[in-house]
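*Asks:* Residue numbers (this note's numbering), protein chains in the order written: chain Z, 1224 to 1724; chain G, 4 to 114; chain Y, 84 to 779; chain A, 9 to 565; chain L, 1215 to 1396. Mind having a look at this structure? Questions to follow.
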């Protein structure tokens, strides 16, 4: 350990400190002051972000630092994801305040768990050692299990938590089994060494079948976390049952962490096996797009619909990994995934924020019918929801378009025309169910209660942030594209997006 | 016969695979959530067995200090403990509401 | 050059009248309406006279060239940059001007159109005095005059087409003037659509000409035609082009097989029938063929087709006219038949004879229609000749003028029709005796049905049904009778303008038209005029005899026709009579087979049948495919639900259980949302991938 | 110094929409006034463009170019670049005019959710204008897609009984086409990058004109054809060409009147515009490729589909029982003429096609207004419900007649000029194509006149029709500009031909370099240019016109 | 810690198979017994046998952790919960769910595949050949600790810290979930 390691761990340390702080403060807070927990958590997120920024300043343009005795790689990629997690968490916290009050579950543990989950995610994104990644994954996963079941009196929440936990633990078991084989094959837990060993010795030897088994079991765990078919089935149930704010959090932050881990492992550790995992991902991607889009079509529960929609988006994102040649990744594809995650964070959180806002008094608000006539009850929210839906569908000039744009760009670039066509057609297909939501809001029969929906200040803030971000990224994406280029270490040229490897 | 009598890493791997198999069967077939959780423990133990066996194998190549697998196993055990604790906690919460521990009665959320 | 230089104003006078009616007509008094509309046509007539006079003076000094006045470029960018490729690969630019052309041919048309038109306008002030929509009627009439004058004066085919369509439109509007009557609006639609079919031919013909000549100006086209030296291919295209033009002429001039609209067009007010459907518009086809004579001469096959269609139409329509009972329908079929004569003349190359017949026909046929209108006016709207009779005393002016017209059309010597018709028959004989024979038979029939009309209306005993009507019979006002008298005058004396050499005439009109038909005369020149021969006189005698015979037969049959008289043809050959009375069932045939207005059994054929089929195809097949895609999608979604429900839970989950425990849990068939099922899917996926990759 | 007039025209409606956001929604009349004022303003700001454009109508290239390539999103090379040529100029003017008219026509038709309605409408207006102005492919695509949303809402919220079905069908159908186009665009983008030196990523249309035709030689006919098809689907669905037309009747029938007017008047033109602006210059070799695809060349297919559309649309119109549906199917037929003119690949066909697009906007726009007026009074569009309307609404009947005549292509009205030019242009290319299109003209007369007969002629048989009011002055006002335009184009189309001359010849030069182009010193105009009746000042003398440079051949190396 | 190469003790195969058999039988009992307490007992047996195997693999520290943490800690937790929740009802019900046959088939396929992959090799070579070395057990704990805590070698130090957070989360989670009022 050298002093820089402390710096690299600073954001995680800060999050942990604030989480512990919340646990302590929570005891002293009277019931009506519980919002202070949220404020504390927000401050914690802020401090952590400042810590990330400090690291960014310290790095001063260098591509990245291996810290913690080569177990942690803090590079632009990791910083990008860290920012992303923190932003998503901040918005999710804003969404939660009023919601938890309504649910009578306003406890400090909620925020503490959220912050600890983010600490886990940070380890996943920055981990360069499968042990660290695994532990980070579990930290995040276990926090999320609890958060999903946080509405303890709600049977759906219990059930979602139980299902999520059982499947999550099962998949981590399989994942760990794969990691153990990887370790066995290479003798190291370090991703860099794993890559070298795989490339040098394993792939052209008798050990290749074992490596394949290792790959398959590992990838099962990875695909489970990002909810790709056929490892997706937990997602709709968990999304539906979880508190809506947590559904939002899961659908973006947890998913982004899963992606970060997937990219780290597949793109760094298992890149020598690209020829094997690409066909697999092709299958998974097509299956995911097909299955999720079809399944979403007839959903009547908004959260479940969005769950399937987020599964479908995973299908598109996987296309970004497929792009490229048999051995070479397309940088544009990875770029597409990163941009996708960015816009998806804001758009999807925004959508869940609107659904969260619908929860009031005796209305749960997650059925499609609950959206009926939303326009007359809350016009701004309805229009924002429309924006989010169209963004999810990938209609320019909204943010969601850019994710799809880069994915398809990379596919065209590398000559996967058929996949690209399939992808775009499924995105049209997807529009249908997004429009179902829009139809309900704008054209659905107006309920007798014409009263305005009560929306709290924090929720307004969350909606404003997500809405503005969706529009801003959509209209002026340049800054964000460059941010992603920066995250991937892609050189920038004025006026030209020349990609260097 | 020599292959059977001379115990190598491979034997441990096969044993681990068998344990893994049993765990998976348990997860897939038992109705009792507690036993499903135990089956998950079996899976994790299979992983640990692998890790420790590999650790032994790599000690033979990289020298006696190459104990990464053993350390990894300790982490997996930690994780197993945490998972079991939270899992049982959630189970209790669920049991309070539903008065059952049967997995196939966890079916409110569907489609 | 006051008139000639401003010849473009000529069509604009009636256009102004129409515009005034359009904007202010509803607020104007009837007197004002009459003043404006009749005034504009009178102005046009005076101007036409002036222009023609000036042209006649101007032409000798200019080598008998047509006078052309271009107002502005209408179609085309006028820069010469908007090009197309001609048939020979060279470039030409799209250009159609708002330009006007006056030459002998258009002069003749101009004079009789404005003249007859003026008379009919005057007549209408009386005829329509008690009708509603007075201003509307006159607005339409003026619009018609505008279109007709545009048609006549246009200097290129496209502008001609403007007038061509314009007169079609006005015809539509005027036929449908009594739009409350279904039959009227039906007839109007029929007229317009049948005309449109012809117009389609016209357009295509125009394109061929443009493709071949690179221009649509008559002067350019003529000089192209005169240039000579055509490849066989070009000549073939010219034949196609002229045939297509003739299709247009068939539509407008009611030739076989597109004549069907004209008899129905009698639904319009009678002055309209006189003006549009007898004197002017229907001759537009003749005008067009005459105008394109330079091209037709190059296409002998087309000429033959024109002649044969003309002859057939003549006899076909005349035969139908023999038995019709509606006074206007008799005249309508007579018009079709006479138009057939004109085309016969054109087809045999006797362009000036055809034009001459148009000229004389305009007067006597307008007179016949106006007379018929007067009769109908007197009979309080009765049109069926079976309910008339013995009107000669009661409406003497009408009676006398009608007599003149009948004598003229029947070809009694001394009247206008004799000269023109006889010239045509003579030319047809020269071309082929068979054509003459048809023309001769037609002449016989013409005489018969015209005198039949005369006898049934004026001489035979009165068969008027209601006493009130009989009591009401009265002579028409002066505004109606004076035009009749003037027309009667021309019906007698117009013929003397072109008495043939064989009868010591000077053929004024032929001479006047000579520059227009230069190509014809050049071509005919080598054959040489053999001078008046014996044959010519013999034929003349034969046709006079035919006219007389028709008269006599009519007199025998109808001279004393009382109530319930018998038709001689019906007595002789009832099936033939039925066929003729039903117009050879052509309308029915069209309705069943071509348009599909009527169903043949349960099947609808023709255009509407096709339309029905397309409509079905659209809603069931094409949209069906779209909806089916949607349906399949949704049902796939339903299927995946179903799959989860039945296959996954049913067979996958329950199936083994069923097998193992012999259907002991049928009630538990419906359990879903199971975690372990999810885990199983994961495992199965993993197994699938593993098998694929390990053993691939 | 760049002129910003295009941006001003583009964003004027959007400003109105933003302004309306701050008006309380209870105050309906104020909203109507403001929306109408902004719509009129949108039209008025476009008027200065007329003299400005007229002055340089013969000059080559795009005019009023604004922005630079890649200034919007430098990292991918997308720019906010606007610019117009004669084709887009005419379509822009049509858009601003129809936009104003349709907003005016909605005054009484829209009673609920007035504020939203106008906001979306103005938003739509900006989207459509953007499509016609964009010189950057990316910008084009953004506008192309963005304008679907307001249209979807207009149909979906203010539509008829089956509005949801129609709105979703419209949206999905159109989107399905355009996403494939996106892939095509990306292909061009990469191709441009791979062939230029130094390698540049750009979406600039002018740049892509140079490289896109090379795809044929670089990748072979098959790829080029597929690429052409990817664009084709987007445009053909939008046009719509047979057999991609079935969204149109549904969308039209369900849309509110003003929506139909805009849909028919402007939206459909985006498809034909796309063909002219992109499909032809990008894939000249595909167009002229003699190889056959299922028995016909690509161009043969295009012509075939156009011809089928003409006849088929007309036949189906004949059988419709719903007035609006009839007019909708007649659009299929009319747009068939437009595509026919485009794929004839002759200057005449192309200019006729653009002119016919304008004409269709005018006459079919008016027809939808006409149907809308009856619908507003009786709330039914069943033809059988009417009859004898001439007796009670004479002014209305007259205007209808004129517009019907215009739609069926009667000379001296606008329809004829377009149809005639298209047919001639097509005929000169292959006389059989022209011959097959002509029956469409006949059928147009049939279905329109039959409709007229059934609705207007006869006596009033339905007692509900006895008390119908004739047009109000506001309603007449909506027709007046259309009538003026109809007569103007019919009587004096020369200015339009002159405006179209340069872009059309330029396009043909790009598609068919072997097609004979006008000589450099072509004959000067034979007659002095006359100032058009609308008071457009003429700033170009004939000599200036004759000395103006002829269109240069661009984009073919 | 000098590795010495010696012949393996005769007893090695015997103990391996003994312990392996115990483990497998224990595992089977875990998933086969109806009574959850019996399953838990079987699991403890398995875990203890596994600890024995760890010892054979020269991993005494892990073996200790296994016994203390697993058999001692986690299993007690399990037993508590089993006691806490109603047992009687479960005993009367079906033990397996309805997909058990398919489940077993899928799992068997997977496990069989794994085993097949491990045991199949070309040219009679065995994968992962054993180096036949023995190691001093005394230093094992120090070496593990080195990897966790040494400032130079302790590469898992950070992961270890995070593991503490994991346990913290487990505590919070268990409390939140299991406690009636918080």
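All C-beta atoms, glycine included, are put in the ideal place defined by N, C-alpha and C.
1. For residue 181 of chain A, which residues from the same chain have a beta carbon less than 7 Å from its beta carbon, with the 5 sequence-adjacent residues on both sides left out?
2. Of all the CB atoms in chain A, is at least one closer than 8 Å to the CB of residue 1665 of chain Z?
3. Determine whether the Cβ of residue 764 of chain Y lies closer than 8 Å to any Cβ atom of chain Z.
4. Taking contact to mean 3 or more Cβ pairs, one atom from each stretch, closer than 8 Å, check whether the stretch 430 to 443 of chain Y and the stretch 369 to 388 of chain Y are in contact.
5. Does residue 145 of chain Y pass the burial test, meaning 16 or more other C-beta atoms within 10 Å, or should it be called exposed?
6. Using a C-beta cutoff of 8 Å, does residue 768 of chain Y count as contacting chain G?
7. Using the Cα positions of residue 1253 of chain Z and residue 1683 of chain Z, report the straight-line distance between them to the nearest angstrom.
8. What are the uninterrupted segments assigned as alpha helix (DSSP H) that are 4 or more residues long and contained completely in the stretch 400 to 438 of chain Y, given in chain order?
9. Can you check whether the CB of residue 28 of chain A is closer than 8 Å to the CB of residue 127 of chain A?
10. Taking C-beta pairs closer than 9 Å, name the residues in chain G that residue 1366 of chain L reaches, listed in chain order.
11. Which bits of chain Y does residue 438 of chain A rub up against, with CB to CB less than 9 Å?
12. Closest to residue 1233 of chain Z by CA distance: which of Z:1709, Z:1305 and Z:1336 is it?
13. Tell me residue 686 of chain Y's beta-bridge partners as DSSP assigns them.
14. Who are the Cβ neighbours of residue 1593 of chain Z in its own chain at under 7 Å, not counting the five residues just before and after it?
15. Residue 149 of chain Y to residue 185 of chain Y, Cα distance in whole Å?
16. Can you give me the start and stop residues for the alpha helix (DSSP H) that residue 291 of chain Y sits inside?
17. List the residues of chain A that residue 275 of chain Y touches, going by C-beta distances under 8 Å, in chain order.
18. So residue 186 of chain A packs on residue 242 of chain A, CB below 8 Å; how close in whole Å?
19. For residue 350 of chain Y, which residues in the same chain have their Cβ closer than 6 Å to its Cβ, ignoring the five residues on either side in sequence?
20. Using a C-beta cutoff of 8 Å, does residue 1595 of chain Z count as contacting chain A?
21. Please list, in chain order, the chain G residues whose beta carbon lies closer than 9 Å to that of residue 1412 of chain Z.
22. Rounding to the nearest angstrom, what Cα-Cα distance links residue 86 of chain A and residue 147 of chain A in this structure?
23. I'd like to know whether the C-beta of residue 1644 of chain Z is nearer than 8 Å to at least one C-beta of chain Y.
24. When you compare only the Cα positions, how much space is there between residue 1647 of chain Z and residue 190 of chain A?
25. State the DSSP-derived secondary structure class of residue 1241 of chain L, mapped to helix, strand or coil.
26. I'd like the list of long-range same chain contacts for residue 1367 of chain Z, defined as Cβ closer than 7 Å, with 5 residues on each side in sequence excluded.
*Replies:* Concretely, from the data shown:
1. Your numbering for residue 181 of chain A matches position 173 in the fourth chain. Same-chain partners within the cutoff: 245 and 255.
2. Working through the first chain from its first residue, we reach residue 1665 of chain Z at position 442. Answer yes: the Cβ-Cβ gap between residue 1665 of chain Z and chain A drops below 8 Å somewhere.
3. In the third chain, counting from the first residue as 1, residue 764 of chain Y sits at position 681. Chain Z, which has a Cβ nearer than 8 Å to the Cβ of residue 764 of chain Y, makes this yes.
4. yes
5. Walking along the third chain from the start, residue 145 of chain Y turns up at place 62. So residue 145 of chain Y ends up on the exposed side.
6. For the purposes of this step, residue 768 of chain Y is taken as the residue at position 685 of the third chain. It does not; no Cβ of chain G falls within 8 Å.
7. Numbered from its first residue, the first chain carries residue 1253 of chain Z at position 30. Numbered from its first residue, the first chain carries residue 1683 of chain Z at position 460. Going from the Cα of residue 1253 of chain Z to the Cα of residue 1683 of chain Z covers about 25 Å.
8. 410 to 430
9. Counting from 1 along the fourth chain, the entry for residue 127 of chain A is found at position 119. Counting from 1 along the fourth chain, the entry for residue 28 of chain A is found at position 20. A contact, by the Cβ cut-off of 8 Å.
10. Counted from its first residue, the fifth chain places residue 1366 of chain L at position 152. What residue 1366 of chain L touches in chain G: nothing, since even the nearest Cβ is about 12 Å away.
11. Position 430 of the fourth chain holds residue 438 of chain A. Result: empty, since nearest Cβ-Cβ is about 11 Å, beyond 9 Å.
12. If you number the first chain from 1, residue 1233 of chain Z lands on position 10. Ranking Z:1709, Z:1305 and Z:1336 by Cα distance to residue 1233 of chain Z puts Z:1305 first.
13. Stepping through the third chain from its first residue, residue 686 of chain Y is reached at position 603. Residue 686 of chain Y pairs with Y:683.
14. Position 370 of the first chain holds residue 1593 of chain Z. If we look at residue 1593 of chain Z and ignore the five residues flanking it on each side, its Cβ neighbours are 1581 and 1586.
15. What you label residue 149 of chain Y is simply residue 66 of the third chain in a count that begins at 1. What you label residue 185 of chain Y is simply residue 102 of the third chain in a count that begins at 1. Each residue's alpha carbon lies about 6 Å from the other.
16. Sequence index remark: in the third chain, residue 291 of chain Y carries index 208 (1-based). 265 to 296 is the extent of the alpha helix (DSSP H) around residue 291 of chain Y.
17. Position 192 of the third chain, counted from the first residue, corresponds to residue 275 of chain Y. Under the 8 Å cutoff, chain A gives 453 and 457.
18. Indexing the fourth chain from 1 puts residue 186 of chain A at position 178. Indexing the fourth chain from 1 puts residue 242 of chain A at position 234. Right, the Cβ-Cβ distance comes to about 5 Å (below 8 Å), so this counts as a contact.
19. One-based indexing of the third chain puts residue 350 of chain Y at position 267. Same-chain partners within the cutoff: 258, 266, 267 and 270.
20. Numbered from 1 along the first chain, position 372 holds the residue referred to as residue 1595 of chain Z. Not an interface residue.
21. The residue given as residue 1412 of chain Z occupies position 189 in the first chain. Residues of chain G passing the Cβ test: 71, 72, 74 and 75.
22. On the fourth chain, residue 86 of chain A is found 78 positions in, with the first residue counted as 1. On the fourth chain, residue 147 of chain A is found 139 positions in, with the first residue counted as 1. The alpha-carbon atoms of residue 86 of chain A and residue 147 of chain A are separated by roughly 7 Å.
23. Taking the first chain and counting its residues from 1, one reaches residue 1644 of chain Z at position 421. Judged by the 8 Å Cβ criterion, residue 1644 of chain Z is not in contact with chain Y.
24. In the first chain, residue 1647 of chain Z corresponds to position 424, counting from 1. In the fourth chain, residue 190 of chain A corresponds to position 182, counting from 1. In a straight line, the C-alpha of residue 1647 of chain Z is about 9 Å away from that of residue 190 of chain A.
25. Working through the fifth chain from its first residue, we reach residue 1241 of chain L at position 27. DSSP places residue 1241 of chain L in helix when its eight states are reduced to three.
26. On the first chain, position 144 is the one that residue 1367 of chain Z refers to. Answer for residue 1367 of chain Z: 1340, 1473 and 1477, listed in chain order.
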